[in-house]
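Using our numbering, read the sequence shown as starting at 2 and increasing by one per residue.
Every residue, glycine too, gets a C-beta built ideally from N, C-alpha and C.
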Amino acid sequence: MRPVGTVDYHTAGEPFRIVVDGGPDVPGATVLERRLAAPLGEADAVRRLLCNEPRGHADMYGCFLVPPDDDGADLGVLFWHKDGFSTACGHGTIALAAWAVEAGVVTAPTDGEADVVLDVPSGRVTARVGRAGGRTTGIAFRNVASWVAASGLRVETSAGRLGVDVAYGGAFYASVRAADAGLAPEPEQLPRLVELSAQVKAALRGSAVVEHPAEPGLGGLYGVTWWADEGAIEAGGLRQRNVTVFADGEVDRSPCGSGTSARLALLDAAGTLPEGAPLVSVGVVGTAFLARVVDREPGPAGRPAVVTEVAGAAYETGRSTFVLDPQDPLGTGFQLR
Numbered sequence: 002m003r004p005v006g007t008v009d010y011h012t013a014g015e016p017f018r019i020v021v022d023g024g025p026d027v028p029g030a031t032v033l034e035r036r037l038a039a040p041l042g043e044a045d046a047v048r049r050l051l052c053n054e055p056r057g058h059a060d061m062y063g064c065f066l067v068p069p070d071d072d073g074a075d076l077g078v079l080f081w082h083k084d085g086f087s088t089a090c091g092h093g094t095i096a097l098a099a100w101a102v103e104a105g106v107v108t109a110p111t112d113g114e115a116d117v118v119l120d121v122p123s124g125r126v127t128a129r130v131g132r133a134g135g136r137t138t139g140i141a142f143r144n145v146a147s148w149v150a151a152s153g154l155r156v157e158t159s160a161g162r163l164g165v166d167v168a169y170g171g172a173f174y175a176s177v178r179a180a181d182a183g184l185a186p187e188p189e190q191l192p193r194l195v196e197l198s199a200q201v202k203a204a205l206r207g208s209a210v211v212e213h214p215a216e217p218g219l220g221g222l223y224g225v226t227w228w229a230d231e232g233a234i235e236a237g238g239l240r241q242r243n244v245t246v247f248a249d250g251e252v253d254r255s256p257c258g259s260g261t262s263a264r265l266a267l268l269d270a271a272g273t274l275p276e277g278a279p280l281v282s283v284g285v286v287g288t289a290f291l292a293r294v295v296d297r298e299p300g301p302a303g304r305p306a307v308v309t310e311v312a313g314a315a316y317e318t319g320r321s322t323f324v325l326d327p328q329d330p331l332g333t334g335f336q337l338r
């Protein structure tokens, strides 16, 4: 395997490893086709190399850059994590926009704003990067359309029967009030939340609720968001704390960008959050995204959908070149969980 060069960022505490050199060639005519092909070839070996120990860890996240099929996009992106390739990633979108401007891939002013348009498996996502004095000051992205798939479901778990709502924000998320399980979205309760998330995912696996009505390749329940209200804020807004458990027990340190879009769709449909009012979405390590519904548009199969904007910041944490010694008996690495 050839050397792989990366630039690492974190967004609100969640890692994001961008492959900038030595990445795999992934076949496909579209980004979505490449996402479906990626687990079958070289891309999966590189993903394992970068995610697995000893070069990564069980909560690593990152991306490969690929050609966009959207003529208006600056970059095509394949998001990956320890278990495979995802359809969307909000924290990754924020990190990738920061890198694109700071690396000069997208031209940006010293003072002002620049748009970074990404072609991701779920569609077009546009990130607006704010700049002042030559530094990035913040990033807000407009996501693909978000919509409610189901509300008021009842799921049997070892904590009892829990109420579950499901919404799409580029991926499908089940949303559960943490207090209904006698829990809170706090670090010390993560083992139990991870355990219960697996039970919720198992209960909804194969359900029509998590089938995408227009594109089968975007189906499946990606994450479970455990949330708690923290009260009203100014301008008719809300503050909520959450932790999202995605893939096979991976914990999002950030408030989860695409999961926040899914939460906005649910809050909007319930009439809990007026259009344009802010949601302060606080993650498990205390960092926050500022989010709101900014528009409406038809969703797939005529479903009502909202356009969401999620704002946060990302910071570079390091640069690496990873190699695989052909004599290394551990190969592309291992996972202890």
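Candidates the options, of which the one nearest residue i by Cα
i, options, result
"D253", "V285, A289 and L267", "V285"
"A151", "Y174, S159, S198 and P330", "Y174"
"G24", "R178, L50 and G105", "L50"
"M2", "L337, V324, G334 and D329", "V324"
"S176", "G73, E235 and Q241", "Q241"
"P110", "A59, G134 and G287", "G134"
"L154", "V211, V21 and R143", "V211"
"A314", "G91, P4, G237 and E157", "G91"
"V126", "D326, I95, D60 and G303", "I95"
"E276", "A128, V294 and V308", "V294"
"E103", "D120, G131, F86 and K83", "G131"
"D22", "E34, T7 and A30", "T7"
"V204", "S159, P327 and A128", "It is Ala, not Val, that sits at residue 204 in the sequence shown. Comparing Cα-Cα distances from A204 to each of S159, P327 and A128, the minimum goes to S159."
"E331", "R36, D9 and A46", "In the sequence under discussion, the amino acid at residue 331 is Leu, which differs from the Glu named in the question. Nearest option by C-alpha distance: A46."
"D269", "A44, D166, D70 and E43", "D166"
"T261", "L197, N243 and A59", "N243"
"G258", "A172, V307 and V201", "A172"
"K202", "L239, A306, G238 and A248", "A248"
"G170", "G224, R206 and A209", "G224"
"T88", "D329, P327, V145 and G232", "V145"
"D326", "G319, G334 and H213", "G334"
DSSP state of residue i mapped onto helix, strand, coil
i, result
"D269", "helix"
"E251", "strand"
"R35", "helix"
"H92", "helix"
"V8", "strand"
"A30", "coil"
"S198", "helix"
"T108", "coil"
"S259", "helix"
"D120", "strand"
"A59", "coil"
"R340", "Any answer about residue 340 is impossible in this case: the structure gives the chain only from 2 up to 338."
"A99", "helix"
"A191", "The residue asked about is misnamed: residue 191 is Leu in this sequence, not Ala. If DSSP states are grouped into helix, strand and coil, L191 belongs with the helices."
"V244", "strand"
"A13", "coil"
"E43", "helix"
"A179", "helix"
"A302", "helix"
For residue i, the residue or residues it bridges with in DSSP
i, result
"C64", "I19 and F80"
"L222", "F173"
"C239", "Per the sequence presented here, residue 239 reads as Leu, with Cys not at that position. In the DSSP output, where bridge partners are listed per residue, L239 has A233 and L280."
"W148", "Y169"
"R297", "V307"
"G164", "R155"
"S321", "T7"
"E54", "F335"
"T137", "R132"
"L291", "V281 and A312"
Residue i at chain C interface by Cβ criterion, 8 Å
i, result
"G93", "Looking at the structure shown, chain C is missing, and only one protein chain is on hand."
Sequence-distant residues of the same chain with beta carbon closer than 8 Å to residue i, five excluded per side
i, result
"G14", "R254, S255, G284, V286 and T288"
"C64", "F17, R18, I19, V20, V78, L79, F80, W81, C90, G93 and L97"
"G73", "V118 and R125"
Residues near residue i by beta carbon distance below 6 Å, same chain, minus five either side
i, result
"D57", "According to the sequence as given, residue 57 is Gly; it is not Asp. Counting only Cβ-Cβ distances below 6 Å, and skipping sequence neighbours, we find L51."
"P28", "A38"
"D75", "V107, V117 and V118"
"A179", "A185, P186, W227 and A229"
"A44", "P25 and V27"
"Q190", "L184"
"A128", "T94, A98, V117, I140 and F142"
"A59", "K83, Q336 and R338"
"G237", "P275 and A278"
Cβ-based neighbour list, residue i, same chain, cut-off 7 Å, excluding 5 preceding and 5 following
i, result
"A215", "P301 and A302"
"P40", "G85 and F86"
"G221", "F173 and V211"
C-alpha gap between residue i and residue j, whole angstroms
i, j, result
"T137", "V195", "34 Å"
"T12", "E235", "25 Å"
"V32", "L219", "12 Å"
"E298", "S147", "9 Å"
"P55", "Q336", "9 Å"
"A1", "E317", "Any question about residue 1 goes unanswered here, given that the chain covers just 2 to 338."
"T397", "S282", "A question about residue 397 goes unanswered here, because the residues of the chain that appear run from 2 up to 338."
"E1", "R36", "Any answer about residue 1 is impossible in this case: the structure gives the chain only from 2 up to 338."
"A115", "D181", "43 Å"
"L66", "V5", "13 Å"
"V308", "Q328", "50 Å"
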